[in-house]
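Novice:
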Ligand code: 5AD
Ligand code: SF4
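Numbering (mature numbering (1 follows the signal peptide of the UniProt record, and there is no 0)), first residue to last: -32 to -1, 1 to 557.
1) Work out the CA separation of residue 187 and residue 163 for me, nearest whole Å.
2) Hey, quick one: how far does the alpha helix (DSSP H) through residue 81 stretch, first residue to last?
3) Residues bridged to residue 352 by DSSP?
4) Would you call the stretch 464 to 483 and the stretch 529 to 537 touching, i.e. three or more CB-CB distances under 8 Å?
5) Do residue 135 and residue 151 have their CB atoms nearer than 8 Å?
6) When every heavy atom of ligand 1 is checked, does at least one fall within less than 7 Å of the C-beta of residue 409?
7) Mapping DSSP to helix, strand and coil, what is residue 192?
8) Is the distance from the Cβ of residue 265 to the Cβ of residue 329 below 8 Å?
9) Is there contact between the stretch 316 to 324 and the stretch 250 to 260, where contact requires at least three CB pairs shorter than 8 Å?
10) On the criterion of 16 or more Cβ atoms from any shown chain inside 10 Å, does residue 489 qualify as buried, or is it exposed?
11) So for residue 332, helix, strand or coil by DSSP?
12) Hey, quick one: how far does the beta strand (DSSP E) through residue 546 stretch, first residue to last?
13) Does the beta carbon of residue 238 come closer than 8 Å to any beta carbon on chain C?
14) Would the C-beta of residue 272 count as close to ligand 2, meaning under 7 Å from any of its heavy atoms?
15) Tell me whether residue 2 is buried or exposed, calling it buried when 16 or more other Cβ atoms sit within 10 Å of its Cβ.
16) Would you mind stating whether residue 234 and residue 430 have Cβ atoms separated by less than 8 Å?
17) Within the present structure, is the beta-carbon of residue 197 separated from the nearest heavy atom of ligand 2 by less than 7 Å?
18) Can we count residue 335 as close to ligand 1, meaning its CB is less than 7 Å from some heavy atom?
19) Going by the C-beta, is residue 559 closer than 7 Å to any heavy atom of ligand 1?
20) Return the chain-ordered ranges of every alpha helix (DSSP H) run that is complete within the stretch 239 to 305 and spans a minimum of 4 residues.
21) Does DSSP put residue 438 in a helix, in a strand, or in coil?
22) Taking DSSP as the reference, what is the three-state secondary structure of residue 32?
23) With 16 other CB atoms within 10 Å as the buried threshold, where does residue 360 fall?
24) Quick check on residue 262: buried or exposed, where buried means 16 or more other Cβ atoms within 10 Å of its Cβ?
25) Between residue 118 and residue 426, which are expected to be in contact by the criterion C-beta below 8 Å, what is the C-beta distance as a whole number of angstroms?
26) According to DSSP, is residue 394 part of a helix, a strand, or is it coil?
27) With a threshold of 7 Å on Cβ separation, who are the neighbours of residue 526 within its own chain once the five nearest residues in sequence on each side are excluded?
28) Taking the C-alpha atoms as reference points, what is the distance between residue 365 and residue 374?
29) Please find out if some non-hydrogen atom of ligand 2 comes closer than 7 Å to the beta-carbon of residue 115.
30) Classify residue 557: buried if its beta carbon has 16 or more other beta carbons within 10 angstroms, exposed otherwise.
31) For residue 80, which option in 475, 267, 437 and 381 has the closest C-alpha, if you only look at C-alpha atoms?
32) Going by the beta-carbon positions, is the gap between residue 313 and residue 277 smaller than 8 Å?
33) Between residue 232 and residue 370, how many whole angstroms is the CB-CB distance? I'm expecting something under 8 Å.
34) Going by C-alpha to C-alpha distance, which of 66, 399 and 487 sits closest to residue 455?
35) Classify residue 140 as helix, strand or coil using the three-state DSSP reduction.
36) So residue 531 is in the beta strand (DSSP E); what residue range does that whole segment cover?
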């Protein structure tokens, strides 16, 4: 029996019998003599009265020790172990918390944080004895990991729920009832509104409630709806090793912080994902080390404000030092102090495995102190790629968005980054048609796209979200067709400029991490360059520069040098030169 199981049974014994104030040792004895029904555990008074207390003490002394419990604690692999299960609430037993081989189908919507959250949720359920299925028809539990960032994202989920409704109603009576759960941002934003609107939803779990999934599912087993949408100030799932959904030979995400304190006026994230909090550095390093041991070649550090990272879990000597913001940038919150910052983490992470590429997303432009830029420049395995969400090119709109910078400060930062990291690849997010945006404001955004010439861009039409500052204080006054027209214009300009920027790679040699076959043609392979651009090349035999010139074919996870022959706004094409290592080769023109 596992010691934890012992304690759990002891608690049950405690609930039934008159042992409320008894020490844990006595409880353990109840366990040790588990052939005795727990309700038969005598009270201490009775024992003393009966004159057996002495005898009992000596039995205790000669009985099993804590080590005996530890020794007998081994459980066969793959078996759901109650030791992994949280302490059950009074209305559930340990067994009810176990998955009992129910099959879970998980579907992910939205950003990379949601991909990582899916891996965390699955890791928790797997430990509770659930099985995974990729076949919807086979599922006993369907969980949708949802996004609320724009209205359209939520509409996709409502449509999906309508499809799933028929699956639930047509379910054969011979099978266990199908349970459906909404996880993540939409559960957090809409709370019981989802349960009222869609009676077929059985469980809701907000982004900080994934540890509670086994309990929520156990409650749902009894036919009741169950929800946990509590936000936390400190949940980072630091001790949960995510289980990759679609295991990749090359790359993985590592969550380093959660939540956002910025309160940009259009954004729902601070309300769905709660306050900013960072995961302790040690647990991040441990996860990256494990991924390196598994042979992964790329890690993307994740967080809503990844470069605002601040590990305050240990006392530091420089706790009173204020944060260095990028020049011309301010925050909507009181300056924070101390803690281990992003530059420290990036330095440590990049030292783990020189053959492992390090990326990070999504950063905020305010948190790019020189230490971070220098580190990116100096360290070969930190990709020279920076996402710098601008949102708008108009200082007036940026102020209404409460972004904490002007167009000028943003452009100055771009120049500084380009000087600090030659050849850096830049990407950005933009919103078209924010409250009060004039044609002149829009043209300012167009001109910023022309001026910066981003390599990668994510462009969206503004979608008003309840609870946000813009919802309360501003008017969503740009007609839908104008928003869409402006969005189209931004997309066109972005593509023109990205094509120009990417054409500068033609004739150059790029270091590419191979991902696998290209989607378009089985004769081609696909990978990414340092700047995260997709590179397509023919799957041909090449020299292996790491192994005395052997002739080989590229495999996923290999680094290869590719000579670029053409470029579009999205991809580079070329031919492979040789297999190499990250350390031994750099891209050149
Ligand atoms: N409407 C449109 N786009 C939004 N984003 C965030 N909130 C909204 C909204 N209400 C965009 C921003 C952000 C990206 C993740 O999503 O550009 O950087
Ligand atoms: Fe939203 Fe702004 Fe926070 Fe990004 S920084 S998640 S846009 S509030």
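Cβ coordinates follow ideal geometry from the N, Cα and C atoms, glycine included.
Every value quoted in this text rests on a predicted model; they were computed, and no experiment measured them.
Specialist: Straight from the coordinates:
1) So the two alpha carbons sit approximately 15 Å from each other.
2) Unbroken alpha helix (DSSP H) run through residue 81: 80 to 95.
3) DSSP lists no beta-bridge partner residue for residue 352.
4) Counting Cβ pairs under 8 Å, three or more are found: they touch.
5) The answer is no: Cβ separation not under 8 Å.
6) No, Cβ of residue 409 sits at least 7 Å from all heavy atoms of ligand 1.
7) In this structure, residue 192 counts as coil in the three-state DSSP scheme.
8) No, these two residues do not count as a Cβ contact at 8 Å.
9) When Cβ pairs closer than 8 Å are counted between the two stretches, the stretch 316 to 324 is seen to touch the stretch 250 to 260, the count reaching three or more.
10) Residue 489 is exposed by the Cβ-count criterion.
11) Three-state DSSP puts residue 332 in coil, outside helix and strand.
12) Counting along the chain, the beta strand (DSSP E) containing residue 546 begins and ends at 539 to 548.
13) Absent here is chain C; the protein component of the structure consists of one chain.
14) Yes, Cβ of residue 272 sits closer than 7 Å to a heavy atom of ligand 2.
15) Model confidence at residue 2 stands at a pLDDT of 31, short of 50, so the residue's coordinates are unreliable and nothing is read from them.
16) Cβ atoms of residue 234 and residue 430: closer than 8 Å.
17) No - ligand 2 has no heavy atom lying nearer than 7 Å to the Cβ of residue 197.
18) Answer for residue 335: no, Cβ out of range of ligand 1.
19) Because the chain is modelled from -32 through 557, residue 559 falls outside the range shown and cannot be assessed.
20) Here the runs fully enclosed are 249 to 261.
21) Helix.
22) Here the model assigns residue 32 a pLDDT of 44, short of 50, so the residue's position is not dependable and the matter cannot be decided.
23) Buried, because 16 or more other Cβ atoms sit within 10 Å of the Cβ of residue 360.
24) Under this definition residue 262 is an exposed residue.
25) Incorrect: roughly 12 Å between the Cβ atoms, too far for contact.
26) Assignment of residue 394 by DSSP, reduced to helix, strand and coil, places it in the strand class.
27) For residue 526, where only same-chain residues beyond five positions count, the Cβ hits under 7 Å are 482 and 547.
28) Note on geometry: alpha-carbon atoms of residue 365 and residue 374 lie some 9 Å from one another.
29) Outside the cutoff, so no.
30) Burial call: exposed.
31) Ranking the options by Cα distance to residue 80, first place goes to 267.
32) Result yes, Cβ atoms of residue 313 and residue 277 sit closer than 8 Å.
33) Yes, they are in contact, since the Cβ atoms of residue 232 and residue 370 sit about 6 Å apart, within 8 Å.
34) Restricting attention to 66, 399 and 487, the CA atom closest to the CA of residue 455 is found in 399.
35) Coil, per DSSP.
36) Membership of residue 531 in the beta strand (DSSP E) is indicated by the continuous run 527 to 535.
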